[in-house]
Amino acid sequence: MSDLSESSARFPPFGVDVTDLSCRRGGRMIFEGVGFRLGNGEAVALTGRNGAGKSSLIAMLCGRLRPEAGTIRLEGLGETPLTEAAHLVGHRDGLKSALTATENLRFAQDLLGGATATPEQALEAVGLPHVGVLPVGYLSAGQRRRVALARLLVAARPIWLLDEPAAALDVNAQAMLIGLMQEHLAAGGAILAATHGPLGIDAARELRIGP
Ligand SMILES: Nc1ncnc2c1ncn2[C@@H]1O[C@H](COP(=O)(O)OP(=O)(O)OP(=O)(O)O)[C@@H](O)[C@H]1O
0 MSDLSESSAR FPPFGVDVTD LSCRRGGRMI FEGVGFRLGN GEAVALTGRN
50 GAGKSSLIAM LCGRLRPEAG TIRLEGLGET PLTEAAHLVG HRDGLKSALT
100 ATENLRFAQD LLGGATATPE QALEAVGLPH VGVLPVGYLS AGQRRRVALA
150 RLLVAARPIW LLDEPAAALD VNAQAMLIGL MQEHLAAGGA ILAATHGPLG
200 IDAARELRIG P
């Protein structure tokens with residue numbers, strides 16, 4: 000696996016401030032009064048039982064779901080909105096099955112801007128140096144997840160929002176993911192990750208939502 004630390008961005012000081020956030024879906028209150036702050040070098044492990052609202056909270060941070068109440072503010076990055084400061088690796092990987100892994104990553108790079116690693120470097124970093132030419136539809140679940148994670152590396156964004164990022168990953172790939180998260184934190188990035196297991200980042204704070 001290649002070391003991307005030399006190409007990692009150094010992110011300027013920033014903070015995401017979430018205050019008194021409530022979520023209602025399908026007419027039902029999912030959570031209320033959630034608040035936290037996330038800044039440079041910080042990781043939050045978002046936990047809670049199935050249906051507690053973890054994916055919904057991430058969707059709110061991405062601007063895909065409107066909060067019932069509360070505020071989400073990004074400070075320190077000038078006019079950049081949170082939607083452009085954050086990378087999302089969600090439940091659905093968002094990859095196009097007919098395109099190769101390399102093409103998917105090039106597409107993501109063009110879309111997201113802020114190019115850092117090349118698609119080839121990113122695939123090597125996630126332990127997939129040989130699958131770049133295959134349509135993503137041919138890849139295993141764990142390989143697809145690795146390609147989705149490689150998207151984090153082809154465009155520099157300070158905030159990573161990860162929804163169960165270790166899903167489908169084998170033990171080696173879980174260690175790779177922890178390494179990528181550590182490099183991102185060391186570069187001054189921040190991570191909020193919904194997880195049902197340990198995140199593998201010692202300094203991560205836990206934010207538990209729901210009952
Ligand atoms: N589009 C929707 N319309 C109505 N209710 C929804 C919708 N999407 C999700 N919900 C409900 O919102 C609640 C929270 O769902 P969410 O996916 O955020 O939970 P989660 O904590 O991520 O769960 P899991 O651990 O199972 O992934 C659930 O009760 C779910 O059924």
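In numbering that gives the first Met the number 0, the protein residues as written are 0 to 210.
We treat Cβ as the ideally placed atom computed from N, Cα and C, and that holds for glycine.
For residue 205, the enclosing beta strand (DSSP E) begins and ends at 204–207.
Residue 74: not part of any alpha helix (DSSP H); member of the beta strand (DSSP E) spanning 68–74, first to last residue.
In this structure residue 94 touches residue 147 by the C-beta definition: roughly 6 Å separates them, less than 8 Å. Taking the CA atoms as reference points, residue 108 sits about 14 Å from residue 98. Taken through DSSP and simplified to helix, strand or coil, residue 16 comes out as strand.
Residue 162 is positioned such that its CB atom lies no closer than 8 Å to that of residue 116. Assigned with DSSP and collapsed to three states, residue 169 falls in coil, not helix or strand. For residue 24, the CB falls within less than 7 Å of some heavy atom of ligand 1. Remark: the C-beta of residue 29 is in contact range of ligand 1, defined as less than 7 Å to any heavy atom.
With respect to the 8 Å criterion, residue 114 and residue 158 are not classified as neighbours on the basis of their beta carbons.
Taking residue 111 as reference, the option from 129, 18, 87 with the minimal CA-CA separation is 87. Spatial neighbours of residue 39 in its own chain (CB-CB distance under 7 Å, excluding positions within 5 residues in sequence) are listed in chain order as 10, 12, 13, 187, 189. Beta bridge pairing from DSSP links residue 158 with 85, 189. Its Cα nearest to that of residue 44, the residue 198 stands out among 208, 209, 198, 210. Assignment of residue 143 by DSSP, reduced to helix, strand and coil, places it in the helix class.
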